[in-house]
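Throughout the sequence shown, residue numbering follows full-length UniProt numbering, covering 1 to 221 in sequence. Beta carbons: idealized from backbone N, C-alpha and C, even for Gly. What follows is a set of notes on a single structure, which appears directly below.
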Amino acid sequence: MANYRIAPSILSADFARLGEEVRNVVTAGADIIHFDVMDNHYVPNLTIGPLVCEAIRPHVQVPIDVHLMVKPVDRIVPDFAKAGANIITFHPEASDHVDRTLQLIRDNGCKAGLVFNPATPLHYLEHVMDKLDIILLMSVNPGFGGQSFIPHTLKKIASVRKLIDESGRDIMLEVDGGIKVDNIAEAARAGADTFVAGSAIFGKPDYKAVIDAMRSELVKV
Ligand code: DX5
Ligand code: ZN
């Protein structure tokens, strides 16, 4: 089995008990904590910021993967790095200077990545492959948990897998939105190696049962 990672999105967790929630999901087998930052400007929803990242940091050892759905991007990057983020991704159309923002994230000691909405073209990748540690493909339009996986994302995953392989670089390929036990294998077959799942995990009473079921699906790929 390839090196697959499961990244529960705390967007669907119980925010009143967030420390306990992240501890429980890591005990259940999560590899990464996916942290969705929404600003009510780039996306029509408002969630959590660096203070909450800092608050959960002592509760888990696994990487915290901050998905910035904000505009502008740069000002908030150092704050998340200080708050303990390990990975920071942003949407290229939300930054006026994509190369500079990627460099800023790395200069702050974090892994850097770009996020593509379902309709965002991949041409942003052309000149920055050497500055990427991760590429995140949205399989829903960003802003809300609990939406359905958009099937044409599978083709996009395959295209990005090809680009990564051709580059010969070690770049993670993450997929985010509508990932469940019954479609995780398809996403893996298309070429994804890191799977964000919010409602599929935090929406169920037994996190370990869901993560185990996802891993059993991945074994078959
Ligand atoms: C959506 C977020 C996702 C979301 C995924 O804008 O980026 O991370 O939490 O939630 P599910 O898995 O419920 O689609
Ligand atoms: Zn996300």
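Next on the checklist: Would residue 210 and residue 142 be called neighbours here (beta carbons separated by less than 8 Å)?
Outcome noted: no
Item to check | Length at least 4, wholly inside the region 53-103: the alpha helix (DSSP H) runs in chain order | outcome: 77-82
Next on the checklist: Is any non-hydrogen atom of the ligand ZN found closer than 7 Å to the C-beta of residue 52, if you look at the structure I gave you?
Outcome noted: no
Item to check | residue 165 (DSSP reduced to helix, strand or coil) | outcome: helix
Item to check | Whole-angstrom distance between residue 112 and residue 130, CA atom to CA atom | outcome: 11 Å
Next on the checklist: Let me confirm a value: residue 46 is counted as buried when at least 16 other C-beta atoms fall within 10 Å, else exposed. Which label applies?
Outcome noted: Exposed, by the Cβ-count rule.
Checklist entry - Out of curiosity, what's the CA-to-CA distance linking residue 156 and residue 146? => result 21 Å
Checklist entry - Does the beta carbon of residue 200 fall short of 7 Å from some heavy atom of the ligand DX5? => result Indeed, a heavy atom of the ligand DX5 lies less than 7 Å from the Cβ.
Checklist entry - Three or more beta-carbon pairs under 8 Å between the region 70-84 and the region 46-60, yes or no? => result yes
Checklist entry - Can you tell me whether DSSP reads residue 39 as helix, strand or coil? => result strand
Item to check | Integer Cβ distance of residue 31 from residue 16, believed to fall under 8 Å | outcome: Not confirmed; about 25 Å, so no contact.
Checklist entry - What residues does the ligand ZN have around it, judged by CB closer than 5 Å to any heavy atom, in chain order? => result Cβ atoms closer than 5 Å to the ligand ZN belong to 36, 67, 176.
Checklist entry - Are the beta-carbon atoms of residue 114 and residue 89 separated by less than 8 Å? => result yes
Checklist entry - Using the C-alpha atoms, what's the distance from residue 208 back to residue 200? => result 12 Å
Item to check | residue 18, DSSP secondary structure in three states | outcome: helix
Checklist entry - How many angstroms separate the CA atom of residue 86 from the CA atom of residue 93? => result 22 Å
Item to check | CA nearest to the CA of residue 198, picked from 84, 181, 192 | outcome: Nearest to residue 198 by C-alpha distance, out of 84, 181, 192, is 181.
Next on the checklist: Excluding the 5 residues flanking residue 184 on each side, which residues of the same chain have their C-beta closer than 6 Å to its C-beta?
Outcome noted: 195, 214, 217
Checklist entry - Between which two residues does the beta strand (DSSP E) containing residue 116 stretch? => result 111-116
Item to check | DSSP state of residue 219 mapped onto helix, strand, coil | outcome: In the three-state reduction of the DSSP assignment, residue 219 falls in the helix class.
Item to check | Same chain, Cβ closer than 6 Å to residue 59, five either side skipped, listed in chain order | outcome: 19, 22, 23
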